């Protein structure tokens, strides 16, 4: 007696599996894309790389995938009290705390001792700025003081230090005295314009210092 039902069942299973193959490939592609995107957005100290050891970072509070501690900081910034409370919650992690802000890694210095050690004593290797394309390149064509410590920055700092220190300060003393007297005169004539007078006084001092450069 022929056994047809098992053959029908097997055929239906094969047809179901065949129809599932395109969706399986799509799911695998979607999963691998998500893993690759998450790996790309990770901070540098959390990225996995073949043959390299992960950088040892100070401890810090746990965060959410991809965004890290960024949502915590955004919630804390809604009020000064909550932000101070959030900063106080970082104290148990030690003098140095690691925060992951999206693809960026921040290290918060929690004590005067660590600040003095890293910034004052080891300033040669720590006093550096991140690259700011808008502030240092687009706005000022690389002429602002927020540019990185490259050769152009060092040359500008050397010139400014030479012009604004030592005996050269005597050149600007008379100018500052004159502007101080003029500021007091404007206070007496227009007492209600005190804030405008205060903010307007440094401008001629800076302009005059540029013109009176020895």
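In the numbering used here, the protein residues as written are 738 to 951.
Positions of the beta carbon are idealized from the N, C-alpha and C atoms, including for glycine.
As the structure is a computational prediction, the values presented were derived from the model and not from experiment.
- Query: If you check the beta carbons only, do residue 852 and residue 795 fall under 8 Å apart?
  - Reply: Residue 795 sits away from residue 852, with the two beta carbons spaced by 8 Å or more.
- Query: Under a Cβ-count criterion, where at least 16 other Cβ atoms within 10 Å of its own Cβ denotes burial, should residue 873 be classed as buried or exposed?
  - Reply: Counting Cβ neighbours within 10 Å, residue 873 comes out buried, since at least 16 surround it.
- Message: One question on the structure: do residue 885 and residue 868 come within less than 8 Å of each other, judged by their Cβ atoms?
- Response: Yes, the pair counts as a contact, with Cβ atoms nearer than the cut-off.
- Message: What residue range does the alpha helix (DSSP H) around residue 803 cover?
- Response: Counting along the chain, no alpha helix (DSSP H) covers residue 803, and no H or E run does either.
- Message: Can you find the residues in the same chain that come closer than 7 Å, C-beta to C-beta, to residue 950, ignoring five residues on each side of it along the sequence?
- Response: Because residue 950 carries a pLDDT of 48, less than 50, the predicted location of this residue cannot be relied on, and the following value inherits that uncertainty. Cβ within range, chain order: 900.
- Query: If you count every other CB in all the chains shown that lies within 10 Å of the CB of residue 878, and 16 or more means buried, which is it?
  - Reply: In the assembly as shown, residue 878 is an exposed residue. Its beta-carbon has fewer than 16 other beta-carbons within 10 Å.
- Item | Close-in-space but distant-in-sequence residues of the same chain around residue 828 (CB under 7 Å, 5 per side omitted) | Same-chain partners within the cutoff: 847.
- Item | C-alpha gap between residue 866 and residue 927, whole angstroms | Cα to Cα, residue 866 sits roughly 43 Å from residue 927.
- Query: Cα-Cα, which of 939, 838, 768 is closest to residue 802?
  - Reply: Each of 939, 838, 768 was checked against the Cα of residue 802, and the nearest Cα belongs to 838.
- Could you check what DSSP says for residue 926 in three-state terms: helix, strand or coil? Helix, per DSSP.
- Message: In this structure, how does DSSP classify residue 792 when only helix, strand and coil are distinguished?
- Response: In the structure shown, residue 792 adopts coil according to DSSP, grouped into three states.
- Message: If you follow the alpha helix (DSSP H) that residue 850 is in, where does it begin and where does it stop?
- Response: Taken as a continuous stretch (DSSP letters only), the alpha helix (DSSP H) holding residue 850 covers 849-852.
- Task: Can you tell me which of the three DSSP states residue 869 falls into?
- Result: Coil at residue 869, not helix or strand.
- As assigned by DSSP and simplified to three states, the class of residue 876: Note: residue 876 maps to coil in three-state DSSP.
- Task: Report, in whole angstroms, the separation of the C-beta atoms of residue 863 and residue 855, which I expect to be a contact under 8 Å.
- Result: Correct: roughly 5 Å between the Cβ atoms.
- Can you say whether residue 750 is buried or exposed, counting buried as having 16 or more other CB atoms within 10 angstroms of its CB? Legend: pLDDT at residue 750 = 45, less than 50; position of this residue unreliable, value from coordinates given subsequently. By the 10 Å Cβ count, residue 750 comes out exposed.
- Query: Under the three-state reduction of DSSP, which class applies to residue 846: helix, strand or coil?
  - Reply: Residue state for residue 846 is assigned as strand, using DSSP reduced to three classes.
- Query: Which of helix, strand or coil does DSSP assign to residue 827?
  - Reply: Of the three classes helix, strand and coil, the one that applies to residue 827 here is coil, per DSSP.
- Message: In the DSSP output, what is residue 841 paired with across the bridge?
- Response: DSSP output for residue 841 lists 838 as bridge partner(s).
- Message: Between the alpha carbons of residue 916 and residue 906, how many angstroms are there, rounded?
- Response: As the crow flies, the alpha-carbon of residue 916 is around 15 Å from that of residue 906.
- Based on the DSSP secondary-structure assignment, which residues constitute the bridge partners of residue 920? Residue pairing by DSSP places residue 920 opposite no residue, since no beta bridge is assigned to it.
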